[in-house]
Every structure is written in structure tokens, then in C-alpha cells.
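According to my numbering, the stretch in the sequence shown is residues -1 to 107, in order. For glycine and all other residues, C-beta sits at the position ideal for the given N, C-alpha and C. What follows is a short report on a single structure.
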Amino acid sequence: MSLITEYSENNFQEFEWFEGVAVIRFYADWCAPCLQNFPIFEQFAAQFSESNPEIKFGKVNIDQSPILTLRYNVYGLPSTLIFRNGEIIKRIAGVKSLSEYSTILKVYL
-1 MSLITEYSEN
9 NFQEFEWFEG
19 VAVIRFYADW
29 CAPCLQNFPI
39 FEQFAAQFSE
49 SNPEIKFGKV
59 NIDQSPILTL
69 RYNVYGLPST
79 LIFRNGEIIK
89 RIAGVKSLSE
99 YSTILKVYL
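This is the structure:
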């Protein structure tokens, strides 16, 4: 079972209304940096899911969910948003290293 759930416009409310910290990655299949950096995002999810089961991780394909992409003003890829109790508390643009993702998220835990 993957630690990162695929969300779309049909099921995103489950993510939006999550009580706690939730991390969502916006990506596209044609985006080379998204594909190259995804294994690091998976490691990031695994690292934090193990020690913080109350954190939710997800991803949204912008081509399959254009309304979500517009609603959250996603213009560059990959884009990672951190939510707390349904509110965006941090936007991360572009690719990051595992340590950069970890440092950013620790601020919000």
C-alpha cells in the first residue's frame, strides 16, 4: 500500500477536510523534474508517516484535475502544499532534497 494517495476533483474533499497536517504534491506525467524527484517525495512520506501517523500525504495530477490546479493557484511544477486543518500553511515550489522537505515540514509539526 502506498503512503501517498492519488487525489482528484472527485475525492479531494477528504484531503481538504483532514484534521491535522496534510502534504499534497501537484505534478504532471510529462514533467521531468516531477518524475525525477518523486522518489525523494516518497522517501519523505515514508520518513514522516512512520513517526507521525497523523500526517497525510497525497498527490494530484494537474492534467486530470485542472479545477484543483486553478483553485490552489498551482503554476509551476512540481508544487507541494502543506495544509493544517484544511488551511494552506506553506507552499513549496520546485524540487527539493529530502533534508529540505524534512526541515520545512518539521516547522509545522
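* Asked: Starting from I90 and walking both ways along the beta strand (DSSP E), at which residues does that stretch end?
  -> E85 to A91 is the span of the beta strand (DSSP E), which, as asked, contains I90.
Can the beta-carbon of A20 be found closer than 7 angstroms to that of K54?
Yes, they are a contact pair.
TODO: Sort I87, L107, F81 and P76 by Cα distance to K94 and report the nearest one.
DONE: Measuring from the Cα of K94, the nearest candidate turns out to be P76.
- [ ] Note down the Cα distance separating E17 from L103, rounded to an integer number of angstroms.
- [x] Straight-line Cα distance between these residues: approximately 16 angstroms.
According to the Cβ coordinates, are N79 and I22 closer than 7 angstroms? Position check: residue 79 holds Leu in this sequence, whereas Asn was assumed. Contact annotation: L79 and I22 have beta-carbon atoms nearer than 7 angstroms.
Q) With distances taken from CA atoms, which of F24, E4 and S0 is nearest R69? A) Looking at the Cα atoms, F24 is the closest of the given residues.
Q62 and S6 - do their beta-carbons sit closer together than 7 angstroms? Their beta carbons are under 7 angstroms apart, which means S6 touches Q62 by this criterion.
**Prompt:** Rounded to a whole number of angstroms, what is the C-alpha to C-alpha distance between E48 and N8?
**Reply:** Roughly 28 angstroms separates the two Cα atoms.
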